[in-house]
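Peer 1:
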Amino acid sequence: MRRVHRPNLPGQIQAYLDRKAHVSVNSANIERRWKSARKTKSLITVLGTLQSMMGPRQRCMYCVDSHGSDIEHFWPKGTYPARAFVWSNMLLCCTECGRFKLDRFPLSTDGLPLLVNPSDEDPWEHLDFDPDTGNLTARYIVDQDAPSAKGEETVKILQLDRREGMAEGYRQTFKRIVARVNAALAEDQIDPQQLADDLLEYDDHGLMGWCFGPVGRHLSPFQQLHDTAPAAWAACEATTA
Ligand SMILES: [Zn+2]
Numbered sequence: 026m027r028r029v030h031r032p033n034l035p036g037q038i039q040a041y042l043d044r045k046a047h048v049s050v051n052s053a054n055i056e057r058r059w060k061s062a063r064k065t066k067s068l069i070t071v072l073g074t075l076q077s078m079m080g081p082r083q084r085c086m087y088c089v090d091s092h093g094s095d096i097e098h099f100w101p102k103g104t105y106p107a108r109a110f111v112w113s114n115m116l117l118c119c120t121e122c123g124r125f126k127l128d129r130f131p132l133s134t135d136g137l138p139l140l141v142n143p144s145d146e147d148p149w150e151h152l153d154f155d156p157d158t159g160n161l162t163a164r165y166i167v168d169q170d171a172p173s174a175k176g177e178e179t180v181k182i183l184q185l186d187r188r189e190g191m192a193e194g195y196r197q198t199f200k201r202i203v204a205r206v207n208a209a210l211a212e213d214q215i216d217p218q219q220l221a222d223d224l225l226e227y228d229d230h231g232l233m234g235w236c237f238g239p240v241g242r243h244l245s246p247f248q249q250l251h252d253t254a255p256a257a258w259a260a261c262e263a264t265t266a
């Protein structure tokens with residue numbers, strides 16, 4: 026998973042959503058209203074904007090592995106119809122993640138979502154990566170002496186620890202990143218920006234945030250880069266902000 030930055034929508038598209046959001050909707054009619062709105066030019070533009078947020082490969086914002094083909098409501102529209110036309114509630118999702126999530130949306134005791142929202146937060150604060158299996162797991166939070174509850178729910182809902190094809194994609198990306206960092210470490214002089222650009226190009230799965238975050242920093246070969254080439258490390262780390 027990767028942190029996603031959300032642009033503003035063009036004015037007339039945002040105005041369309043605002044108009045829609047002001048019409049009172051309820052759980053009984055939201056599906057029909059959404060279905061008919063979904064065919065409009067405005068929502069086709071919304072889908073295009075979400076896809077462009079994920080680069081040329083238009084990956085799903087949850088698994089970052091499959092093609093993101095539909096607008097997903099982070100707060101499910103069936104349960105929270107008032108959020109159906111709210112731009113900040115819209116993500117890009119693949120068919121598989123959409124099928125796993127459906128209306129599953131656990132909340133904490135304070136009423137906060139126990140699901141990572143990649144457009145709101147750095148997913149790697151809650152998720153960990155297993156380079157051997159390629160699976161995503163819940164991150165262990167040292168201060169709490171427990172795995173992140175949000176991470177655990179996210180992994181469970183989206184089945185991020187039991188999707189073989191996805192895990193293989195993550196493993197391949199990780200191998201490419203490691204190989205490029207090893208090649209850089211063998212160079213007499215590393216070009217920090219070139220390294221960062223190459224790694225971003227290879228990083229189909231948002232793994233830079235993990236490799237150049239608190240976990241990767243202590244693992245080979247990232248630790249060596251951190252210790253011996255601080256400028257290159259900084260350039261790579263900057264791409265994850
Ligand atoms: Zn997906």
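Under the working numbering, think of the first position of the sequence shown as 26, with each following residue one higher.
In this text, a Cβ means the ideal position worked out from N, Cα and C, and glycines have one as well.
(1) Is the distance from the Cβ of Asp90 to the Cβ of Met191 below 7 Å?
(2) Would you tell me roughly how many angstroms separate the C-alpha atoms of Ser77 and Asn51, rounded to the nearest one?
(3) Does DSSP classify Phe110 as helix, strand or coil?
(4) For Ala254 and Ile202, which I take to be in contact (beta-carbon distance under 8 Å), what is that distance rounded to the nearest angstrom?
(5) What would DSSP say about Phe99, mapped onto helix, strand or coil?
(6) So which of Arg58, Gln83, Thr65, Pro35 has the shortest CA-CA distance to Val29?
(7) List the endpoints of the continuous alpha helix (DSSP H) containing Thr74.
(8) Would you mind sorting Tyr165 into buried or exposed? The rule is 16 or more other CB atoms within 10 Å of its CB.
(9) Note the first and the last residue of the continuous alpha helix (DSSP H) segment covering Cys122.
(10) Per DSSP, His92 is paired with what?
(11) Output needed for Ala257: all residues of its chain with C-beta closer than 7 Å, excluding positions within five of it in sequence on either side, in chain order.
(12) Could you spell out where the alpha helix (DSSP H) holding Phe237 opens and where it closes?
(13) State yes or no: is the C-beta of Ser94 nearer than 6 Å to some heavy atom of ligand 1?
(14) CB Pro131 to CB Glu177, shorter than 7 Å?
(15) Quick one: complete beta strand (DSSP E) runs, 3+ long, within the region 124-207?
(16) Among residues of its own chain, excluding the 5 on either side of Arg242, which ones have a beta-carbon nearer than 7 Å to its beta-carbon?
(17) Restricting to Cα atoms, I'd like to know which of Val167, Glu150, Asp135 is closest to Cys236.
(18) For Leu34, name the three-state secondary structure that DSSP assigns.
(19) Where does Arg244 fall in DSSP's three states?
(20) Using C-beta distances below 6 Å, list every residue in its chain close to Gly231, excluding the 5 sequence neighbours before and after it, in chain order.
(21) How would you write the range of the alpha helix (DSSP H) that Asp228 sits in, first residue to last?
(22) Could you work out which residue in Thr134, Trp100, Met86, Tyr41 is closest to Cys119 when comparing CA atoms only?
(23) I need the boundaries of the alpha helix (DSSP H) containing Ser61, first residue and last residue.
Peer 2: Looking at the coordinates:
(1) yes
(2) 31 Å
(3) coil
(4) Going by Cβ atoms, the distance from Ala254 to Ile202 rounds to 15 Å, so no, they are not a contact pair.
(5) coil
(6) Nearest C-alpha to Val29: Gln83.
(7) 66-77
(8) Classification for Tyr165: exposed.
(9) 120-126
(10) DSSP, once it has assigned bridges, lists Arg84 as partnering His92.
(11) Ala209, Ile215, Pro217, Leu220, Leu250
(12) First-last for Phe237: undefined, no H or E at that position.
(13) For ligand 1, not one heavy atom lies less than 6 Å from the Cβ of Ser94.
(14) no
(15) DSSP assignment within the region 124-207 yields the following whole beta strand (DSSP E) runs of 3 residues or more, N-terminal first: 152-154, 161-163.
(16) Gln248, His251
(17) Glu150
(18) coil
(19) Sequence inspection shows Leu at residue 244; the Arg mentioned does not correspond to that position. Note: Leu244 maps to coil in three-state DSSP.
(20) Met26, Arg27, Val89
(21) Where Asp228 is concerned, there is no enclosing alpha helix (DSSP H), given that its DSSP letter is neither H nor E.
(22) Met86
(23) 55-63
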